[in-house]
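Worksheet: one structure, shown below.
2 protein chains.
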Amino acid sequence: MGRWEPNASGRLSEAAMELYVERGFEQTTVAEIAQRAGLTARTFFRYFADKREVLFAGSAILEEHLIAALESTPASASPMEAVAAALDAAATMLGQRREFSRRRQSVIAANAELRERELIKMASLSGALAAGLRRRGVADSDASLAAEAGIAVFRVAFERWVGEPTDRGLATIMRESLEQLKALTAAS
Amino acid sequence: MGRWEPNASGRLSEAAMELYVERGFEQTTVAEIAQRAGLTARTFFRYFADKREVLFAGSAILEEHLIAALESTPASASPMEAVAAALDAAATMLGQRREFSRRRQSVIAANAELRERELIKMASLSGALAAGLRRRGVADSDASLAAEAGIAVFRVAFERWVGEPTDRGLATIMRESLEQLKALTAAS
Chain A
6 MGRWEPNASG RLSEAAMELY VERGFEQTTV AEIAQRAGLT ARTFFRYFAD
56 KREVLFAGSA ILEEHLIAAL ESTPASASPM EAVAAALDAA ATMLGQRREF
106 SRRRQSVIAA NAELRERELI KMASLSGALA AGLRRRGVAD SDASLAAEAG
156 IAVFRVAFER WVGEPTDRGL ATIMRESLEQ LKALTAAS
Chain B
6 MGRWEPNASG RLSEAAMELY VERGFEQTTV AEIAQRAGLT ARTFFRYFAD
56 KREVLFAGSA ILEEHLIAAL ESTPASASPM EAVAAALDAA ATMLGQRREF
106 SRRRQSVIAA NAELRERELI KMASLSGALA AGLRRRGVAD SDASLAAEAG
156 IAVFRVAFER WVGEPTDRGL ATIMRESLEQ LKALTAAS
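The listed protein sequences derive, respectively, from chains A and B.
Reminder that position 24 of the first sequence reads as 29 in my numbering, one-by-one numbering, no gaps.
Reminder that position 166 of the second sequence reads as 171 in my numbering, one-by-one numbering, no gaps.
Below, the structure is given as C-alpha cells:
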C-alpha cells in the first residue's frame, strides 16, 4: 500500500470530471486522472473499480439516503408524501454539489453507454423506492406507480436544476415538479 | 436468395419465443430457431439482425402507433389526455398478443442484458412521447413529466395485464392505472 493521501477520493473525482469535460469520457485514461490529481493509478484503484465508477459511486449512497428518508416518514403519510420526503433527502444530498452535478450530467449526456448506465441506476432507485413503499404496507401497483412517478419528478427536476440559470434550490424545484405532475394528472 | 416462405417472420418469432422459454435466451442459437420454424438460418437473417432483435422488433412499431395516436388527438386535449390516447393505441396493438407478451416478459425478466435493452426502449418511447407533446405546444417540463408518467402507467399496467389471471383488456387496466396515478398524486 502507498502512503495515505489526504482526500484522495475527492481529488480523483475532481480530476476525472475535469478531464471528462475537457477531452471526453472515452479519451480519458486512469493514468491521466491520477496524474492530474497528483496521485498514482494504484491509488485510483484503491477507491474506484474503473473510470466509469467515478461517475456512479454516488448512486448507491443516494439510494441509501432516499430509502432512509422514506422509512423515517410517519406511517400516516400517503405513498406520494413518503416519496416526496425521499426526494427532499435526495435534494439535500445533491443540492450542495450543483457544479459537480452539472458537469456529470453533461459527461453522461455525451456518451450512449453512460446514458444506459444512468437509466439502469434510475430503474434501480425506482425499484428500491417501490420495495420501501411495499414494506410500509402500500399495495403492489400503487407502490410501483408512486415510485415511478417519484423518479420521473426527480429526473425532470434535476435536469431543470442543472440546466437552468437559477439560484433556486433543487428541493424547491422538486416540490414544484411534483405539483406540476399533480396538475397534469388532474387534467386527464 | 432462398424461396419465399409464407409468414416466415411470424413462424421465426413463434419458434424463438418457444425456445427462449424452454431453454433460456442465452442457450438458444439462431440455427435452432430456424430449425424449429422449419426454415434456414439464412432466412432468419433476412428478417432479424440477431436473436435479440426477435424480442425488440415490435418496439419501433409500437412507438409509431403511440406517436400517430398522440398526433391525431384534438388540439384541445390536455397533455395527459393526449398521452392516454397514445396508451389506448398501444393497448390495441399489444392487446391481441397476450400470450406472446407474457412469454416475452418472462424471457426479458430472466436476463440482465435484455432488461437493460428494455429500459432503453422504454426511455426512447418516453422521449418520443415528450417530443410529440412539445410539437403540440406543451411546455418542456410538462411534456417530459406527462411522457414519463404515461410510460410509468404503461409499465405498471402491462405488468399487471401479463401477470394477473384476468380477462380484462389491457386498455381497461391502463385507464385504471392512470386513475390510480391521479389519486396517488392528488393525495400528496
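Where is the CB? At the ideal position from N, CA and C, for every residue including glycine.
For residue i, does the count of other Cβ atoms within 10 angstroms reach 16, so buried, or fall short, so exposed?
i, result
"T33(B)", "buried"
"Q101(A)", "exposed"
"R16(B)", "buried"
"E153(A)", "buried"
"R140(B)", "exposed"
"R109(B)", "buried"
"S18(A)", "buried"
"E104(B)", "exposed"
"I66(A)", "exposed"
"E69(A)", "exposed"
"S81(A)", "exposed"
"G168(B)", "exposed"
"G142(B)", "exposed"
"L138(A)", "buried"
"A144(B)", "exposed"
"S146(B)", "buried"
"A117(A)", "exposed"
Within the continuous alpha helix (DSSP H) that includes residue i, where are the two ends?
i, result
"P84(A)", "P84 to G100"
"L44(B)", "It is not in any alpha helix (DSSP H) - L44(B) carries neither H nor E in the DSSP assignment."
"V26(A)", "A13 to R28"
"D2(B)", "Within the shown structure, residues of chain B are numbered from 6 to 193, placing residue 2(B) beyond reach of any answer."
"A133(B)", "A117 to R140"
"F61(B)", "E58 to E76"
"R5(B)", "Chain B is shown only over 6 to 193; residue 5(B) falls outside these bounds and no answer can be derived."
"R180(B)", "L175 to A191"
So residue i and residue j are in contact, right, with Cβ under 8 Å, and what is the actual spacing, rounded?
i, j, result
"A148(A)", "P84(A)", "7 Å"
"L119(B)", "F30(B)", "6 Å"
"L150(B)", "L186(A)", "5 Å"
"L183(B)", "S193(A)", "6 Å"
"I113(B)", "L60(B)", "7 Å"
Measuring only between beta-carbons, confirm whether residue i sits less than 7 Å from chain B.
i, result
"R28(A)", "no"
"R165(A)", "yes"
"P84(A)", "yes"
"S149(A)", "yes"
"V59(A)", "no"
"T1(A)", "Because residue 1(A) is not part of the residues shown, which for chain A are 6 to 193, the question remains open."
"Q185(A)", "yes"
"V209(A)", "Since the first residue shown for chain A is 6 and the last is 193, residue 209(A) is missing from the structure and cannot be characterised."
"L124(A)", "yes"
"M6(A)", "Summary for M6(A): the model assigns pLDDT 47, below 50, so the residue's position carries little reliability; its value from the coordinates is reported in the next sentence. No, no contact with chain B."
"E68(A)", "no"
"A89(A)", "yes"
"S64(A)", "no"
Indicate whether at least one CB of chain A lies closer than 7 Å to the CB of residue i.
i, result
"A154(B)", "yes"
"T177(B)", "no"
"R180(B)", "no"
"A157(B)", "yes"
"A128(B)", "yes"
"A74(B)", "no"
"E118(B)", "no"
"E169(B)", "no"
"V161(B)", "yes"
"E121(B)", "yes"
Just the Cα atoms here: how many angstroms apart are residue i and residue j?
i, j, result
"F50(A)", "A36(A)", "10 Å"
"P170(B)", "R107(B)", "11 Å"
"M6(A)", "T45(A)", "Note that M6(A) scores 47 on pLDDT, short of 50, meaning its location in the model is unreliable; the coordinates nonetheless yield the value given after this. One C-alpha to the other measures close to 11 Å."
"L189(A)", "R160(B)", "19 Å"
"R57(A)", "W166(B)", "37 Å"
"Y25(B)", "A176(B)", "27 Å"
"V88(B)", "A95(B)", "11 Å"
"S131(A)", "D172(B)", "29 Å"
"E12(B)", "R47(B)", "It is Asn, not Glu, that sits at residue 12(B) in the sequence shown. Each residue's alpha carbon lies about 15 Å from the other."
"K126(A)", "S64(A)", "7 Å"
"Y52(A)", "E123(A)", "20 Å"
"R41(A)", "A21(A)", "8 Å"
"A90(B)", "G155(B)", "10 Å"
"E86(A)", "M98(A)", "19 Å"
"V158(A)", "E121(A)", "19 Å"
"M179(B)", "F163(B)", "8 Å"
"S77(A)", "A191(B)", "22 Å"
"A62(A)", "A39(A)", "17 Å"
"A115(A)", "E181(B)", "38 Å"
Consider the C-beta atom of residue i and the heavy atoms of the ligand FAD; say whether any pair is separated by less than 6 Å.
i, result
"A21(B)", "Absence of the ligand FAD from the depicted structure is noted, as is the absence of any ligand whatsoever, leaving it without description."
At least one CB of chain C closer than 7 Å to the CB of residue i: is that the case?
i, result
"S77(A)", "No chain C is present in this structure, whose protein chains are A and B."
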